[in-house]
Every structure is written in C-alpha cells, then in structure tokens.
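Undergrad: Below: one structure in structure tokens.
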Amino acid sequence: MSGTSSVFKDAIRNNLGPILPYLEDKTVSEILINGHSEVFVERKGKLERVPVSFADEDALRAAVNSIAQSVGRRINDETPRLDARLPDGSRIAAVIPPCSRKGTTVSIRKFTNNKISFTDYVKFGAISEDGARFLDICMFLGKNLIVSGGTGSGKTTLLSLLCTRIPKGQRIIVIEDSSELQVDYDHVVMFETRQGNEQGKGEVTIKDLLKSSLRLRPDRIIVGEVRSSEALELLNAMNTGHKGCMGTVHANSPEDAIVRLEALAQGGDSQISEKALRSQVVSAVEVIVQVSRYSDGSRRIGAISEVLGILPDGSYDVRPIFQMSRMARRPDGTLDGKLEPTGYIPSFMEEIVDNKLPFPLTKFNKAA
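Take 0 as the starting number for the sequence shown in numbering that gives the first Met the number 0 and just add one per residue.
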C-alpha cells in the first residue's frame with residue numbers, strides 16, 4: 000500500500016488485517032466483503048471466495064468506521080453508505096445494517112498504476128488493430144464520444160487510453176466524482192467533487208464543476224462518469240464548440256447509452272421540451288464505444304457506433320461501424336471473437352480523407 004498516509008496505513012493494519020494479504024496481492028483487482036464471515040476477491044475478472052473472515056460484525060464495522068475517519072468521511076446510522084477514494088487511489092464503498100441485511104457490506108476496488116497503451120490493448124484482445132486506429136482518428140478529429148458499459152467493464156481504463164491520443168497543444172479539464180482517470184497529457188486540469196458536511200453544506204457536484212469549467216477556457220471536457228443531471232451541462236458543452244468532449248455512462252448497449260443520456264439530461268432542466276432535448280442529444284454525441292466484461296472474465300470493446308439522428312418511429316438512429324463477431328468458446332474456456340467492420344461507412348469519411356489520415360474506405364468493408 001505504498002504512497003498512503005500513515006493514518007490510513009494504521010487503519011488498514013489495525014482493522015483490516017484479515018484482508019491485508021489480498022490488498023497487497025497485485026493479482027487481486029477487487030475485494031468484496033459480504034458480512035464479517037464472507038469474503039470474495041476478483042482475479043482476472045473471475046470471483047473466488049477466500050478462506051478469511053473477521054471476528055464478528057462489530058470488528059468489521061469498527062474497521063469500516065476507522066477507514067472512513069482516516070479519509071475524512073463518515074458512516075453511521077444517519078449516513079449508512081460510504082463511497083470514498085483511498086489515499087492510494089483505490090475506491091471503497093460500504094453499506095451498513097439495517098440497510099444491508101447480511102451485515103456490513105464492503106467493496107474495495109484497487110487502484111493500479113499499470114499504464115497500458117493502445118498497442119497493449121490490442122495485444123490483450125480488447126480491440127482490433129483497425130478499431131484502435133479508428134478511435135485514434137476520432138480523437139484526432141475531435142469527435143464527441145461516450146464510453147458505455149456496465150460496472151467493472153473497463154470504461155475508466157478505455158477513457159484514460161483515449162485521453163492519451165488527444166493531439167498535443169490542447170487544454171483538457173477532467174471532472175470526476177472520485178479521481179480515477181490516469182491522464183498522461185501535457186496540459187490537464189483535474190477537478191473532483193466534494194461531499195457536504197454534516198449540515199449538508201459545502202457540497203460541490205459534477206454539475207457545479209462543469210459550469211465552472213466552461214469559464215476556464217477548456218478545449219475538451221472529460222467527465223469520468225455521467226450519472227445525473229450534469230448530463231445536460233455536458234451536452235451543452237459539446238454543442239457550444241468544445242469538440243472532443245468525452246464521458247462514460249452505465250449502459251448495456253450503444254442504443255441504451257443514448258437513451259440513458261437523454262433520461263439523465265431531463266433531470267437537468269425541466270423547462271426544456273423533449274423534442275428540443277433529443278435534438279441536443281443527437282447534435283452533441285457523435286460516437287459511442289461499448290465496452291463489456293464477458294463470461295470468460297475478459298474486457299473488450301463490443302461495438303463502435305455513430306449517432307446519426309432520430310428515426311421516424313422516434314428511436315435514435317445508432318449505426319454500428321465496428322462490432323464484435325460471434326464468439327465461440329475455446330477448449331481453455333476463453334472466448335474467441337474479434338471486433339470487425341459492419342460495412343457501414345461513417346458520415347465523417349470525408350473528414351478522414353481531407354485530413355489525409357491513413358484509413359482507406361476498404362477498412363470498413365464487412366468481413367467475408
């Protein structure tokens with residue numbers, strides 16, 4: 000747990016002793032505690048139960064209280080939920096009884112310093128070479144992009160990678176609920192939200208920070224996760240000359256992602272009509288990248304799609320440019336599949352040609 004404060008180290012050593020070996024184990028990405036007697040860990044996308052436990056519920060509760068205090072948060076009967084970033088960058092979430100009926104429930108998602116490139120991403124089988132080149136082009140052309148996926152699917156990793164492909168000479172403002180993105184870029188400003196105090200004062204939301212960022216001369220605004228009414232502020236930024244803005248949303252498909260974004264934005268301004276809002280959505284979001292965690296534990300890009308408009312039946316016109324092929328299970332249990340072109344040519348093909356980018360029309364030909 001290098002890089003953590005001495006207070007936090009003491010809290011870990013004195014209270015989370017049973018899971019300390021897994022906190023230090025680099026092969027473990029997440030630790031899940033379901034009451035004092037049940038602990039699971041995640042390795043390579045797979046969950047396994049481990050033979051450790053806490054003495055009793057009081058011991059686990061004391062551990063969570065100590066961790067919360069060490070990072071300036073609180074968890075008690077009035078505030079039975081904890082969501083915080085630990086000093087080493089890991090994330091801890093907890094829910095205590097009576098909300099959690101099985102006992103104190105904790106998730107610790109470990110922070111990793113392992114920086115990967117698109118080359119590594121291709122080697123891991125998460126994306127095809129052509130898919131990676133196409134996303135590179137989207138970054139160069141400044142396409143407004145949403146990364147969609149479920150919890151633990153790799154949205155943050157992909158968004159961090161995409162940030163590294165932004166052309167030099169721009170000013171990026173990154174806004175997150177808890178800082179997780181690893182942005183390797185020359186000119187970047189990082190903002191993080193703040194919870195209110197016990198009286199509910201002093202809260203700073205993503206929406207607040209988005210409003211401030213628009214006055215701070217950003218070229219691109221990156222929102223770590225769009226989960227509330229700040230969606231409308233992000234759409235406004237995308238529609239007011241800030242090309243290349245990005246964010247992530249929780250959704251299981253590109254179509255679901257654009258509908259969810261609309262639903263979240265509706266909470267931002269009750270005065271805007273549904274027709275006007277939908278028009279804003281389709282003019283703002285250009286590309287949706289769907290990333291998924293598959294049954295073999297792998298995390299891969301399942302689709303890269305373009306948002307074209309609204310169809311006569313009222314649904315969004317979302318066209319897949321690249322899509323995951325049919326997947327077959329190998330003898331070792333892993334899934335065999337590849338991101339392939341669908342045959343659809345993106346509407347901005349002329350931009351690719353005019354900028355003399357090395358991505359010929361044949362790259363979009365559907366595989367035989």
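All C-beta atoms in this analysis are idealised placements derived from N, C-alpha and C, irrespective of residue type, glycine included.
In whole angstroms, give me the CA-to-CA distance for L307 and R292.
TA: 27 Å
Undergrad: Span of the beta strand (DSSP E) holding P20?
TA: No beta strand (DSSP E) holds P20; the alpha helix (DSSP H) holding it covers L19 to E23.
Undergrad: Checking 9 Å against the spacing of the C-beta atoms, do T104 and N33 come in under that value?
TA: If you check the CB distance, T104 and N33 come in under 9 Å.
Undergrad: With a floor of 3 residues, list each beta strand (DSSP E) that falls wholly inside the stretch 151-217, ordered by position along the chain.
TA: Taking only runs of at least 3 residues, the beta strand (DSSP E) segments lying wholly in the stretch 151-217 are 171-175 and 187-191.
Undergrad: Return the Cβ separation of P217 and R170 in integer angstroms, given the expectation that the two are a contact with Cβ distance under 8 Å.
TA: 6 Å
Undergrad: Which of helix, strand or coil does DSSP assign to M326?
TA: Looking at M326 - three-state DSSP - the assignment turns out to be coil, as it is neither helix nor strand.
Undergrad: In three-state terms, what does DSSP make of P319?
TA: strand
Undergrad: To the nearest whole angstrom, what separates the beta carbons of G332 and M323, a pair I think is in contact under 8 Å?
TA: Between M323 and G332 the Cβ distance is about 18 Å, and since that is not below 8 Å, they are no contact.
Undergrad: Express the C-alpha separation of V248 and S4 in angstroms, rounding to a whole number.
TA: A caution first: S4 carries a pLDDT of 49, below 50, which makes its placement in the model unreliable, though a value can still be read off. Those two C-alpha atoms are separated by around 32 Å.
Undergrad: Helix, strand or coil for K122, going by three-state DSSP, please let me know.
TA: Helix.
Undergrad: Is there contact here, the stretch 304-321 with the stretch 277-295, by at least three beta-carbon pairs under 8 Å?
TA: The stretch 304-321, when compared against the stretch 277-295, does touch it at the 8 Å Cβ threshold.
Undergrad: Excluding the 5 residues flanking G2 on each side, which residues of the same chain have their C-beta closer than 6 Å to its C-beta?
TA: For G2, the predicted structure reports a pLDDT of 43, less than 50, and the residue's modelled location is therefore unreliable. A value from the coordinates is still provided. The residues are D87.
Undergrad: Short of 7 Å in beta carbon distance, which residues of its chain neighbour D176, apart from the five on each side in sequence? Order them along the chain.
TA: Take D176, set aside five residues on each side of it, and the residues of its chain with a beta-carbon closer than 7 Å to its own are T192, I205, G223 and E224, in chain order.
Undergrad: Would R299 and V290 be called neighbours here (beta carbons separated by less than 9 Å)?
TA: yes
Undergrad: Consult DSSP for S291 and reduce its assignment to one of helix, strand or coil.
TA: DSSP places S291 in strand when its eight states are reduced to three.
Undergrad: Identify, in the order they occur along the chain, each residue of the same chain with its Cβ nearer than 7 Å to the Cβ of D353, setting aside the five sequence neighbours on each side.
TA: none
Undergrad: Under 8 Å by Cβ, that's how I've got G246 and I221 pegged, so tell me the actual separation to the nearest angstrom.
TA: At roughly 7 Å, the Cβ-Cβ gap stays under 8 Å, so G246 and I221 are in contact.
Undergrad: Can you tell me whether Q181 is buried or exposed? The criterion is at least 16 other CB atoms within 10 Å of its CB, across all chains shown.
TA: It counts as buried.
Undergrad: Taking all protein chains shown into account, do 16 or more other C-beta atoms lie within 10 angstroms of the C-beta of M138, making it buried, or fewer, making it exposed?
TA: It counts as buried.
Undergrad: Residues in its own chain within less than 7 Å of G71 by CB, not counting five upstream and five downstream?
TA: none
Undergrad: Tell me the rounded alpha-carbon separation between A62 and F117.
TA: 39 Å
Undergrad: Looking only at its own chain, which residues have a Cβ that is under 7 Å from the Cβ of I351, when we skip the five neighbours before and after it?
TA: I136 and F358
Undergrad: In or out: S211 buried (at least 16 other Cβ within 10 Å) or exposed?
TA: exposed
Undergrad: Are the CB atoms of N364 and M237 nearer to each other than 9 Å?
TA: no
Undergrad: From V173 to P330, what distance separates their C-alpha atoms?
TA: 43 Å
Undergrad: Return the Cβ separation of I408 and I303 in integer angstroms, given the expectation that the two are a contact with Cβ distance under 8 Å.
TA: The structure shown does not extend to residue 408, since the chain is modelled only from 0 through 367, so no value can be given for it.
Undergrad: Using the beta-carbon count (16 or more within 10 Å), is H241 buried or exposed?
TA: buried
Undergrad: Output the boundary residues of the alpha helix (DSSP H) element that contains I66.
TA: E56 to S69
Undergrad: Could you check the C-alpha separation between V121 and P97 for me, to the nearest Å?
TA: 45 Å
Undergrad: State the CB to CB distance for the pair V38 and V27, rounded to an integer number of angstroms; the pair is presumed to be in contact (CB under 8 Å).
TA: No, V38 and V27 are not in contact; Cβ-Cβ is about 11 Å, not under 8 Å.
Undergrad: CA-CA distance, V317 and V258?
TA: 11 Å
Undergrad: Tell me which residues share the same chain as F190 and place their Cβ nearer than 6 Å to its Cβ, disregarding the 5 neighbours each side in the sequence.
TA: I174 and L208
Undergrad: If I measure Cβ to Cβ from A250 and keep anything under 7 Å in the same chain, skipping five residues before and after, which residues do I get?
TA: S147, A256 and R259
Undergrad: May I ask whether a heavy atom of the ligand NAD can be found less than 8 Å away from the beta carbon of I115?
TA: Absence of the ligand NAD is noted for the structure shown, with no ligands found whatsoever.
Undergrad: Considering only residues of the stretch 235-276, which uninterrupted alpha helix (DSSP H) runs meet the minimum length of 4 residues and lie entirely inside it, listed in chain order?
TA: If we require 4 residues or more, the alpha helix (DSSP H) runs fully inside the stretch 235-276 come out as 253-265.
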